[in-house]
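J.: If you read the sequences in order, they're chains A and B. Just so you know, we're using our numbering here: the first sequence kicks off at 128 and counts up by one. Just so you know, we're using our numbering here: the second sequence kicks off at 128 and counts up by one.
2 protein chains.
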Amino acid sequence: MLESKITQLTVRDVRFPTSLEQHGSDAMHTDPDYSVAYVVLETDSDAALKGYGLTFTVGRGTEIVVCAVKALSTLVVGKTLKEIISDFRGFYRLLSSDGQMRWVGPEKGVIQLATAAILNAVWDLWARVEGKVRNKPLKTNTSDPAKLISCIDFRYITDALTEQEALDILVKAKKGQKSREEQMLKEGYPAYTTSCAWLGYTDQQLTQLCSEALAQGWTKFKVKVGADLQDDIRRCSLIRKLIGPNNTLMIDANQRWDVNEAITWVTKLAEFHPLWIEEPTCPDDVLGHASISKALAPLGIGVATGEQCHNRVMFKQFLQASALQFVQIDSCRVGSVNENLAIILMAAKFNVPVCPHAGGVGLCELVQHLILFDYVSVSASLNNRMCEYVDHLHEHFKSPTIIRNAHYIPPKDSGYSCEMLEESVQKHQYPQGEVWRAIEQQGKQ
Amino acid sequence: MLESKITQLTVRDVRFPTSLEQHGSDAMHTDPDYSVAYVVLETDSDAALKGYGLTFTVGRGTEIVVCAVKALSTLVVGKTLKEIISDFRGFYRLLSSDGQMRWVGPEKGVIQLATAAILNAVWDLWARVEGKVRNKPLKTNTSDPAKLISCIDFRYITDALTEQEALDILVKAKKGQKSREEQMLKEGYPAYTTSCAWLGYTDQQLTQLCSEALAQGWTKFKVKVGADLQDDIRRCSLIRKLIGPNNTLMIDANQRWDVNEAITWVTKLAEFHPLWIEEPTCPDDVLGHASISKALAPLGIGVATGEQCHNRVMFKQFLQASALQFVQIDSCRVGSVNENLAIILMAAKFNVPVCPHAGGVGLCELVQHLILFDYVSVSASLNNRMCEYVDHLHEHFKSPTIIRNAHYIPPKDSGYSCEMLEESVQKHQYPQGEVWRAIEQQGKQ
Numbered sequence: 128m129l130e131s132k133i134t135q136l137t138v139r140d141v142r143f144p145t146s147l148e149q150h151g152s153d154a155m156h157t158d159p160d161y162s163v164a165y166v167v168l169e170t171d172s173d174a175a176l177k178g179y180g181l182t183f184t185v186g187r188g189t190e191i192v193v194c195a196v197k198a199l200s201t202l203v204v205g206k207t208l209k210e211i212i213s214d215f216r217g218f219y220r221l222l223s224s225d226g227q228m229r230w231v232g233p234e235k236g237v238i239q240l241a242t243a244a245i246l247n248a249v250w251d252l253w254a255r256v257e258g259k260v261r262n263k264p265l266k267t268n269t270s271d272p273a274k275l276i277s278c279i280d281f282r283y284i285t286d287a288l289t290e291q292e293a294l295d296i297l298v299k300a301k302k303g304q305k306s307r308e309e310q311m312l313k314e315g316y317p318a319y320t321t322s323c324a325w326l327g328y329t330d331q332q333l334t335q336l337c338s339e340a341l342a343q344g345w346t347k348f349k350v351k352v353g354a355d356l357q358d359d360i361r362r363c364s365l366i367r368k369l370i371g372p373n374n375t376l377m378i379d380a381n382q383r384w385d386v387n388e389a390i391t392w393v394t395k396l397a398e399f400h401p402l403w404i405e406e407p408t409c410p411d412d413v414l415g416h417a418s419i420s421k422a423l424a425p426l427g428i429g430v431a432t433g434e435q436c437h438n439r440v441m442f443k444q445f446l447q448a449s450a451l452q453f454v455q456i457d458s459c460r461v462g463s464v465n466e467n468l469a470i471i472l473m474a475a476k477f478n479v480p481v482c483p484h485a486g487g488v489g490l491c492e493l494v495q496h497l498i499l500f501d502y503v504s505v506s507a508s509l510n511n512r513m514c515e516y517v518d519h520l521h522e523h524f525k526s527p528t529i530i531r532n533a534h535y536i537p538p539k540d541s542g543y544s545c546e547m548l549e550e551s552v553q554k555h556q557y558p559q560g561e562v563w564r565a566i567e568q569q570g571k572q
Numbered sequence: 128m129l130e131s132k133i134t135q136l137t138v139r140d141v142r143f144p145t146s147l148e149q150h151g152s153d154a155m156h157t158d159p160d161y162s163v164a165y166v167v168l169e170t171d172s173d174a175a176l177k178g179y180g181l182t183f184t185v186g187r188g189t190e191i192v193v194c195a196v197k198a199l200s201t202l203v204v205g206k207t208l209k210e211i212i213s214d215f216r217g218f219y220r221l222l223s224s225d226g227q228m229r230w231v232g233p234e235k236g237v238i239q240l241a242t243a244a245i246l247n248a249v250w251d252l253w254a255r256v257e258g259k260v261r262n263k264p265l266k267t268n269t270s271d272p273a274k275l276i277s278c279i280d281f282r283y284i285t286d287a288l289t290e291q292e293a294l295d296i297l298v299k300a301k302k303g304q305k306s307r308e309e310q311m312l313k314e315g316y317p318a319y320t321t322s323c324a325w326l327g328y329t330d331q332q333l334t335q336l337c338s339e340a341l342a343q344g345w346t347k348f349k350v351k352v353g354a355d356l357q358d359d360i361r362r363c364s365l366i367r368k369l370i371g372p373n374n375t376l377m378i379d380a381n382q383r384w385d386v387n388e389a390i391t392w393v394t395k396l397a398e399f400h401p402l403w404i405e406e407p408t409c410p411d412d413v414l415g416h417a418s419i420s421k422a423l424a425p426l427g428i429g430v431a432t433g434e435q436c437h438n439r440v441m442f443k444q445f446l447q448a449s450a451l452q453f454v455q456i457d458s459c460r461v462g463s464v465n466e467n468l469a470i471i472l473m474a475a476k477f478n479v480p481v482c483p484h485a486g487g488v489g490l491c492e493l494v495q496h497l498i499l500f501d502y503v504s505v506s507a508s509l510n511n512r513m514c515e516y517v518d519h520l521h522e523h524f525k526s527p528t529i530i531r532n533a534h535y536i537p538p539k540d541s542g543y544s545c546e547m548l549e550e551s552v553q554k555h556q557y558p559q560g561e562v563w564r565a566i567e568q569q570g571k572q
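1) What residues of chain B sit near residue 282(A), judged by a beta carbon separation below 7 Å?
2) Please confirm whether residue 351(B) and residue 330(B) have their CB atoms less than 8 Å apart.
3) Is residue 461(A) helix, strand or coil when you go by DSSP?
4) Determine the chain B residues that contact residue 155(A) at a beta-carbon separation under 9 Å, and present them in chain order.
5) Determine the closest residue to residue 651(A) out of 420(A), 421(A) and 412(A), with distance taken between C-alpha atoms.
6) If you compare alpha carbons, which of 166(B), 207(B) and 178(B) is closest to residue 190(B)?
7) Helix, strand or coil, according to DSSP, for residue 416(A) in the structure here?
8) Can you pull the chain A neighbours of residue 159(B), defined as C-beta to C-beta under 9 Å?
9) Could you tell me whether any Cβ in chain A is nearer than 8 Å to the Cβ of residue 491(B)?
10) Residue 377(A) lies in the beta strand (DSSP E); which residues open and close that run?
11) If you measure beta-carbon to beta-carbon, which residues of the region 188-209 of chain A are closer than 7 Å to chain B?
12) Excluding the 5 residues flanking residue 563(B) on each side, which residues of the same chain have their C-beta closer than 8 Å to its C-beta?
13) As a quick exercise: from 211(A), 159(A), 270(A) and 540(A), pick the residue whose alpha carbon is nearest that of residue 187(A).
14) Output the boundary residues of the alpha helix (DSSP H) element that contains residue 294(B).
15) Answer with buried or exposed for residue 312(A), where buried requires no fewer than 16 other C-beta atoms within 10 angstroms of its C-beta.
16) I'd like to know if the region 398-408 of chain A and the region 380-392 of chain B are in contact, where contact means that at least 3 CB-CB pairs between them fall below 8 Å.
17) Taking contact to mean at least 3 C-beta pairs separated by less than 8 Å, is the region 512-523 of chain B in contact with the region 479-493 of chain B?
18) For the region 403-426 of chain A, which residues have a beta carbon sitting closer than 8 Å to at least one beta carbon of chain B?
19) Below 8 Å, how does it come out for the region 233-241 of chain B and the region 450-464 of chain B: are there three or more Cβ pairs, yes or no?
20) Pair every Cβ in the region 358-376 of chain A with every Cβ in the region 323-340 of chain A, then say whether three or more of these pairs are closer than 8 Å.
21) Consider the Cβ of residue 286(B): report whether some Cβ of chain A lies at a distance smaller than 8 Å.
22) Closer than 8 Å, CB to CB, is residue 566(B) near chain A or not?
23) Going residue by residue through the region 529-570 of chain B, where are the continuous alpha helix (DSSP H) segments of at least 4 residues, counting only ones entirely within it?
24) Could you tell me if residue 314(A) is buried or exposed, where buried requires 16 or more neighbouring beta carbons within 10 angstroms of its beta carbon?
25) Kindly indicate which three-state DSSP category residue 504(A) falls into: helix, strand or coil?
26) Let me check understanding here. Comparing Cα to Cα, which of 206(B), 327(B) and 208(B) lies closest to residue 156(B)?
27) So that I know if they touch, is there some Cβ in chain B lying closer than 8 Å to that of residue 473(A)?
28) For residue 344(A), I'd like the list of residues in its chain whose CB is within less than 8 Å of its CB, leaving aside the five on either flank, ordered along the chain.
29) For residue 230(A), which of helix, strand or coil comes out of DSSP?
30) Cα-Cα, which of 222(A), 321(A), 332(A) and 248(A) is closest to residue 348(A)?
31) Using a Cβ-Cβ cut-off of 6 Å (strictly less than) and excluding sequence neighbours within five positions of residue 477(A), which residues of its own chain qualify?
32) For residue 124(A), which residues in the same chain have their Cβ closer than 6 Å to its Cβ, ignoring the five residues on either side in sequence?
33) Report yes if the C-beta distance between residue 354(B) and residue 154(B) is below 8 Å; otherwise report no.
34) Can you tell me which of the three DSSP states residue 281(A) falls into?
35) In angstroms with no decimal places, state the Cα-to-Cα distance between residue 138(B) and residue 222(B).
36) What residues in the region 540-558 of chain B bring their beta carbon closer than 8 Å to a beta carbon of chain A?
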């Protein structure tokens with residue numbers, strides 16, 4: 128099966144009209160339509176083997192990512208899976224460092240999101256092939272540390288993590304791996320919810336959703352802040368009262384503030400004891416986050432960021448500068464599993480917990496594999512660690528996430544869990560799917 | 128004329144087959160086809176007023192930028208020039224922070240290059256309108272400091288430069304402005320040449336081009352390095368011999384190295400006394416550049432970077448961390464004049480010279496305006512300052528740069544100097560232009 132050749136790559140623009148109900152709204156993204164550039168790799172295998180991948184977007188602009196996926200596809204089609212994974216580091220660099228296309232990046236923005244969609248599909252394909260034999264999901268594509276290391280491009284990060292150091296971390300974590308795997312299968316990985324407190328929700332919605340979540344066993348809650356200080360105080364106060372002093376509260380400003388403004392604003396929310404302030408300022412501002420971290424440390428508030436941190440070099444600097452206390456990896460923003468392996472291993476070296484970003488469309492499905500890998504094969508710790516969860520749009524996936532008692536239950540199906548239902552894809556294709564045609568019709572009336 | 132409404136935006140993919148002769152080749156871009164996404168804004172003015180803008184690319188991937196320009200065009204078409212420039216800061220943010228499209232950036236990569244192309248056209252349009260009345264090129268669109276400041280989005284940089292500080296710099300530089308302007312008109316702005324030593328050139332080509340350049344009055348030369356150390360030593364030695372000890376040599380690695388590798392490699396080239404090492408490592412690595420700067424300072428070698436530095440927040444950090452000693456602004460990588468104003472003013476505050484990146488297609492035409500502005504209206508200094516020049520592809524422009532005795536002579540025509548000859552555009556449109564059809568034919572033979 129590894130000999131299967133990739134014969135075709137298709138990519139589609141799939142959008143969900145979430146803005147109609149203010150799901151996903153925050154201080155900077157006031158009307159997101161959760162979307163994906165959805166990639167399918169077809170192969171010449173007899174078993175009709177396919178690979179599914181996606182990258183998450185929030186509406187307009189998805190067509191640009193689709194265009195970029197098409198541009199990169201010529202580097203993928205015609206290769207066998209074996210060719211790719213026998214030099215996955217080389218293949219990663221082929222995509223990320225094409226002598227012409229790297230100019231429009233490099234390794235950032237649209238072209239990096241497109242790289243993620245394609246490589247997510249390649250990892251899915253690989254996992255399915257391994258699964259055909261051993262029925263294992265992505266997190267165990269390979270348990271060979273040397274093989275994993277060979278997927279990582281260490282260019283530009285050797286001053287923070289050498290190949291040998293990375294290997295040592297993986298080898299050391301072999302100890303106790305079996306029991307951690309069993310623990311995960313039994314208990315699952317701790318999650319927190321962002322579904323209760325989007326910025327566009329009313330206090331009434333917020334109260335109701337929070338109460339329901341508590342009843343379902345949730346203990347960790349994230350609140351969107353940053354548009355209006357008095358609103359934030361009211362909302363944080365309300366939620367802290369609802370969840371009590373012992374549950375965990377996090378706040379998220381989605382890049383709304385300048386550096387000094389962030390410090391002032393968050394200081395005024397300190398009385399509600401948030402564990403972290405997420406994305407207080409520009410995602411590119413390593414030194415700004417370092418200043419904020421330093422100012423907020425005495426208040427017991429950490430800084431979390433990463434969902435728009437575009438590559439391993441940025442994460443490297445955030446870690447070097449002590450600019451974050453929680454590393455929020457994302458399954459689509461950087462170069463897929465390859466680059467996230469590098470980031471997870473750097474976080475381990477710097478002893479900073481990884482708490483993934485998820486939500487959107489398919490991000491929970493994807494990132495659960497990465498955080499399970501982190502616990503089982505790298506960090507071996509749950510201390511201060513949890514994975515974001517948002518309960519939207521899972522019904523469009525063939526193997527949706529399973530949450531039990533506020534924990535992610537490890538996926539059982541082979542693959543990277545991001546195959547969508549074909550019917551959902553067709554209905555939501557933009558602009559020709561029936562959902563969008565109906566919205567257009569309504570607009571005309 | 129300010130009341131003119133923008134009625135249409137067209138964008139075309141224009142590529143020049145420069146890779147055929149290794150023009151522009153460096154350690155990371157081995158086969159660039161210099162290209163542009165070329166924007167024309169049409170208006171409803173009686174005078175058939177148009178605005179011309181572009182962003183530079185190196186071949187494949189230009190179609191993605193074209194797609195992004197189209198996505199952004201809905202935010203531009205229908206607006207009058209007056210609406211835009213009466214709140215240019217707001218218009219800049221409209222483009223850079225659209226609630227949906229910012230996800231595929233923000234302010235980086237493809238979407239930022241597209242923003243630059245559009246805003247370059249808007250600045251051109253504005254300059255032409257001013258020129259109709261006063262016949263002045265872009266550098267003097269407005270000489271009112273407050274008006275200039277109102278074009279800048281200070282979001283995320285107030286910890287390094289406040290609006291008041293920026294204003295103070297401009298007001299202070301009013302002194303002597305008139306005589307500096309006269310000086311520029313007479314002598315021009317000092318330039319250096321990169322045309323002699325692309326990585327793909329033979330030693331013979333290099334010797335010939337260098338000798339010719341010396342004869343033409345050039346005194347400052349840049350050499351591409353980074354692929355092979357022994358080659359670099361031979362080439363630097365050759366050029367240093369050719370130009371003698373008193374002329375200036377700069378070296379450029381185009382991001383080839385890791386941090387420690389950069390320090391070791393450049394140390395071995397120190398005997399040739401380069402003024403700077405340009406792009407020693409990943410353009411995102413502020414802290415890496417700071418380490419390199421610190422290590423090379425005792426050797427008298429500075430660090431230069433910026434052509435792939437994607438926004439003002441990155442430049443802010445490079446300055447805060449003393450990670451560069453030469454600020455290489457680019458007219459297309461960041462958000463046009465608006466963002467370059469912010470960068471030029473930050474460089475002034477941190478007292479670091481601006482030495483623009485140019486070359487490619489149209490970059491010299493554009494950036495000459497910015498560096499003239501820097502000298503006349505901001506820094507008032509030529510110390511350690513010079514602007515890159517490459518002598519390719521100027522023949523495709525309606526008002527090409529004028530170089531006299533290795534100096535840029537200020538443009539006389541109104542506008543931002545990037546209107547291309549329509550015939551050139553049509554011939555080089557990709558893939559349907561006759562130049563590309565001929566290459567395709569040859570490939571088939």
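Heads up, the beta-carbon is just placed ideally off N, CA and C, and yes, glycines get one too.
T.: Answer, in terms of the structure:
1) 385
2) no
3) coil
4) 224, 226, 229 and 233
5) Since the first and last residues shown for chain A are 128 and 572, residue 651(A) lies out of range.
6) The residue with the shortest Cα to Cα distance from residue 190(B) is 166(B).
7) helix
8) 226, 227 and 230
9) Not closer than 8 Å to any Cβ of chain A, the Cβ of residue 491(B) fails to qualify, so no.
10) Its beta strand (DSSP E) spans residues 375-379.
11) 188, 190, 191, 192, 194, 195 and 198
12) 142, 144, 555, 556 and 557
13) 159(A)
14) 290-299
15) exposed
16) no
17) yes
18) Using a CB distance below 8 Å, the part of the region 403-426 of chain A facing chain B consists of 408, 409, 410, 411, 412, 413, 414, 415 and 418, ordered along the chain.
19) Touching, yes, given that three or more Cβ pairs across the two stretches are closer than 8 Å.
20) yes
21) yes
22) no
23) With a minimum length of 4 residues, the continuous alpha helix (DSSP H) runs that stay inside the region 529-570 of chain B are 549-555.
24) exposed
25) helix
26) 327(B)
27) It does not; no Cβ of chain B falls within 8 Å.
28) 532 and 533
29) helix
30) 321(A)
31) 446
32) A query on residue 124(A) cannot be resolved here, the shown segment of chain A reaching from 128 to 572 and no further.
33) yes
34) coil
35) 16 Å
36) Here the close residues number zero.
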